[in-house]
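Worksheet for the structure shown next.
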Ligand SMILES: [Fe+2]
Ligand SMILES: [Fe+2]
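This is how it looks when you write it as structure tokens:
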């Protein structure tokens, strides 16, 4: 497989992998926080969740449709199914964050479930799916994905296929 990269030397696979790590870091920052103000404490978690929703949108709407169905049929089905699980877990987390008097332990437990799901998802997606982003997307498609990764927004009301 050939690996292409832009003038920063970062391949699309690397850029998406980097975003996985940034999302994990936001959730972990929430878990480690001793910030007494719940709104301030929740900020990195809310940021990670909105980044994850947009990340899933870019994968499902922009990247995955360009990947070869033959070798990736089954792995992509697994990715769509796991995106659905992640999405529902984020919905549960958002509800818990908004519920007055919700024990912080419940929110933290849901965060840990989300981190476990992400670990199981990303450790398959990175080696199995991502190499194809660099080998099977045309330079124009890669440029579009790069552009959206930098400033694309989740369309209002979009939910993933298996939410
Ligand atoms: Fe991903
Ligand atoms: Fe994914």
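In our numbering, the protein residues as written are -8 to 154. All C-beta atoms, glycine included, are put in the ideal place defined by N, C-alpha and C. Since the structure is predicted, the reported quantities are computational estimates derived from the model, not experimental observations.
The beta carbon of residue 136 sits closer than 8 Å to the beta carbons of 3, 49, 53, 54, 124 and 128 from its chain, once the five residues preceding and following it are set aside; these are given in chain order. Going by DSSP, residue 136 is part of the alpha helix (DSSP H) stretching over 130 to 142. For residue 143 against residue 45, the beta-carbon gap comes to about 7 Å, under 8 Å, which counts as contact.
Ligand 2 has no heavy atom closer than 7 Å to the beta-carbon of residue 12. Cβ contact annotation for residue 6 (same chain, cutoff 8 Å, sequence separation greater than five): 137 and 140, in chain order.
Shortest gap from the CB of residue 112 to any heavy atom of ligand 2: under 7 Å. Ligand 1 never approaches residue 138 closely enough for any of its heavy atoms to be under 7 Å from the residue's Cβ.
For the options 112, 85 and 84, the alpha carbon positioned closest to that of residue 72 is the one of 112. Residue 102 sits in a helix when the DSSP states are folded into three classes. Cβ contact annotation for residue 117 (same chain, cutoff 6 Å, sequence separation greater than five): 8, in chain order. Residue environment: residue 17 is assigned as buried (16 or more neighbouring CB atoms within 10 Å of its CB, all protein chains considered).
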